[in-house]
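Chains as they are written, first to last, in full-length UniProt numbering: chain W, 1 to 366; chain S, 1 to 366. Just so it is clear, CB atoms sit at the ideal spot from N, CA and C, and this is done for glycine as well. Comments concern the structure below.
As structure tokens, then:
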């Protein structure tokens, strides 16, 4: 990849490639005249350590509000990010955000089982929504979220930051342009050691499932965009628990296989027992991969021709800027609810394949 | 790894570590007084391009005989390797090798379905046997081969060259010494594009199966020695054929999962559609892997701490020298028939899991 192409990819990930196609490129566009205001709902680790810092780097969106059930967290955020009192909500008075013109977008960073409720409440309050992955704990909930945002004429975007990461954009490009020919096999795995036995991830009522819901979804995503098709059936296997008490409520480790209409296969694994983190494609004429594929940083890309020479960016900033730009330009964003719903269909298919022991047909296009 | 340790590993792979443990190290040992003579049965690509050249580098064994059904091949071998007329056989007169004192070992490089017959005939002729992988096309055949060699008081070794390859020895050491803690997950895949539609590999009567038999067996091997335990059950999936005419007789692509008693899992894939070639271990405290893992050369080893600094060796020479040394010292070799039989049990388990759609128990230790 040439240097200029790299720079283009990095910039376009943040600003959208259309700026380059426009004869007005370089001039201030109407949407550049203002930034959107976002409120973060749920001030856990991801909001605190990733999203809020990223929002200090964004061009099209800025942190203006918080929603939290823990009053003791408020002073820190007020001091650090100059959050105004009128932009601070709790879960009871959250719906009053309908009257708050500072807040255009609500970013939902709550446990999975709360995504549907708060997406629907935010849409009813007239706000655009960015919702963390998985979008919900079921296809049914996901569809209700899409419907609610459509009815409110608001955008729904899922927290798929990797659609704005230059390593993953390069994987997509290599597939799309068939640089190494047609993809035949994807190996995609994502797992980590879940330490704290009391974390919400391990409670099914909050998480909706185990590592599949939490990080396996990245391997599903990766397989789908690296094959460049939608899978038509899935097989899956859950493995015996080595820590049955800790993982009594959710699966500990599982594998699954996606079969695609063009004959490509994806073989995947996800676990709460150990770190594994890879997206690999074997194509007719070579291979390409990202290791530490799904992390917030530290991606390492290689192809059968050599390393990917890509400069990392802030994924969260690029993602939120990209979504905000779409909202400002009044066009669909790159990671809409429909994209999240396709992963939910695969996840439900995997759980069904595990419980039935049979292959399960998928129809992600309907 | 230090330089001296590397050198030690390389040398010990060829000569056996015991030379260093002995107070006589460096002096001529009794077994060094002579080389064994080997006859290659089956002068296909592997014998021609790998084994015969490797036998020019061996210390304990040398090429003295050939067995071929194609008389036109003989003059080339006679000229290139100075094979004496009395050491040349065909498949009809092969059993007369019993009277040939030049030949101590027969190396069987025939299609899989002929391994059992020629191993048993060679044992009856009083010869030690090295048999290519897979050792046979069934557990039953494999057991008969072991029994025949035992009855004849001859050694049986399987062509598992990677047990003598320094990258794979390093994978085994990292597991054995728990350098990164206990292994939790192995990903092992081996596949290539089978070009010629008329090759024997695609004929079930000769091969006994598809990519699983031919190269998937390396992924089984790799998973077993990288976990350092024997699997207790297997699940497996065959995928629809993209070239059903070409692969009408054998599977085209398949995946399988091995579950180990300590809780480790191996997720594997094998195919005749595309190149994939990897052995990866995720352990409690880090990861280690070999890419281009199962090739004759070109291994690339890495751990979560950095690259494996290992100088490649000639795998085939190390393998044959190692087996020959065990024979000369009258002790068991490192890759005996029993090791081959364990892989045959896994292979039969995989095919059974595919046809039944259920998990299949394995007992490799009985």
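field: Distance, residue 172 of chain W Cα to residue 44 of chain W Cα
entry: 31 Å
query: Buried or exposed: residue 150 of chain S, going by 16 or more other Cβ atoms within 10 Å of its Cβ?
result: exposed
query: Quick one: Cα of residue 213 of chain W to Cα of residue 350 of chain W, how far?
result: 11 Å
task: Please list the residues of the segment 283-307 of chain S that have a C-beta atom closer than 9 Å to any C-beta atom in chain W, keeping them in chain order.
output: 283, 284, 286, 287 and 304
Exposure of residue 116 of chain W, with buried meaning 16 or more beta-carbon neighbours within 10 Å: It counts as buried.
Neighbour flag for residue 185 of chain S against chain W, beta carbons, 7 Å: yes
message: By alpha-carbon positions, which one of S/183, S/34 and S/79 ends up nearest to residue 242 of chain W?
response: Of the listed residues, the one whose Cα sits closest to residue 242 of chain W is S/183.
query: With contact counted as at least three CB pairs below 8 Å, one residue from each stretch, are the segment 205-220 of chain S and the segment 306-321 of chain S in contact?
result: no
message: Ignoring anything shorter than 4 residues, give me the alpha helix (DSSP H) runs that lie fully in the segment 247-334 of chain W, in order along the chain.
response: 315-328
message: Give me the chain S residues within the contact set of residue 58 of chain W, using Cβ-Cβ distance strictly less than 7 Å, ordered along the chain.
response: In chain order: nothing, as chain S lies at least about 33 Å away.
query: Within 10 angstroms of its Cβ, does residue 3 of chain W collect 16 or more other Cβ (buried), or is it exposed?
result: Annotation note: pLDDT 45 at residue 3 of chain W (below 50); position unreliable, no value reported.
- request: Starting from residue 173 of chain W, follow the alpha helix (DSSP H) in both directions and report where the run begins and ends.
  value: Segment 166-176, the alpha helix (DSSP H) holding residue 173 of chain W.
- prompt: Are residue 206 of chain S and residue 250 of chain S touching if we call contact CB-CB under 7 Å?
  reply: Contact: no.
task: Look at the alpha carbon of residue 382 of chain W and the alpha carbon of residue 189 of chain S, and state the distance between them as a whole number of angstroms.
output: With chain W covering 1 to 366 only, the question about residue 382 of chain W has no answer from this structure.
- request: Report the residues of the segment 254-271 of chain W with a CB closer than 7 Å to any CB of chain S, ordered along the chain.
  value: 255, 257, 259, 263, 265, 267, 269 and 271
field: Buried versus exposed call for residue 186 of chain W [16 or more other C-beta atoms within 10 Å across all chains shown]
entry: buried
As assigned by DSSP and simplified to three states, the class of residue 346 of chain W: helix
Paired residues, beta bridge with residue 131 of chain S - DSSP: S/108 and S/158
query: Among S/111, S/279 and S/235, which has the Cα closest to the Cα of residue 361 of chain S?
result: S/235
field: Limits of the unbroken beta strand (DSSP E) element including residue 140 of chain W
entry: Not the beta strand (DSSP E): residue 140 of chain W falls in the alpha helix (DSSP H), residues 139-151.
- request: Measure from the alpha carbon of residue 216 of chain W to the alpha carbon of each residue in W/306, W/96, W/280 and W/343, then state which is nearest.
  value: W/343
message: If contacts are defined as beta-carbon pairs under 8 Å, then residue 341 of chain W and residue 61 of chain W qualify, I think. What distance do you get, rounded to the angstrom?
response: With 8 Å as the limit, residue 341 of chain W and residue 61 of chain W do not qualify as a contact, their Cβ atoms being about 24 Å apart.
task: Compare the C-beta of residue 237 of chain S with all C-beta atoms of chain W and state if any pair is closer than 7 Å.
output: yes
message: Bridge partners for residue 190 of chain S per DSSP, in chain order?
response: S/270 and S/277
Residues near residue 365 of chain W in its chain [Cβ-Cβ closer than 7 Å; skip 5 each side]: 230
query: Between the beta-carbon of residue 67 of chain S and the beta-carbon of residue 41 of chain S, is there less than 7 Å?
result: yes
task: Mind checking the segment 195-222 of chain W against chain S and listing, in chain order, the residues whose C-beta falls within less than 7 Å of any C-beta there?
output: none
message: What would DSSP say about residue 64 of chain W, mapped onto helix, strand or coil?
response: strand
message: Looking at residue 70 of chain W: is its Cβ nearer than 7 Å to the Cβ of residue 317 of chain W?
response: no
- request: Could you check what DSSP says for residue 116 of chain W in three-state terms: helix, strand or coil?
  value: helix
query: DSSP puts residue 39 of chain W in a beta bridge; with which residues?
result: W/65 and W/106
message: What would DSSP say about residue 221 of chain W, mapped onto helix, strand or coil?
response: helix
- request: Return the residue from the list S/304, S/168, S/252 and S/122 that minimises the CA-CA distance to residue 89 of chain S.
  value: S/122
message: Using a Cβ distance threshold of 8 Å, determine whether the segment 254-263 of chain S contacts the segment 122-131 of chain S, with at least three qualifying pairs required.
response: no
message: For residue 23 of chain S, count the other beta carbons within 10 Å of its own beta carbon; 16 or more makes it buried, fewer makes it exposed. Which is it?
response: Residue placement at residue 23 of chain S cannot be trusted, given a pLDDT of 41 that sits under 50; what the coordinates show is reported in the next sentence. With fewer than 16 other Cβ atoms within 10 Å, it is exposed.
query: Do the CB positions of residue 36 of chain W and residue 78 of chain W come within less than 7 Å of each other?
result: no
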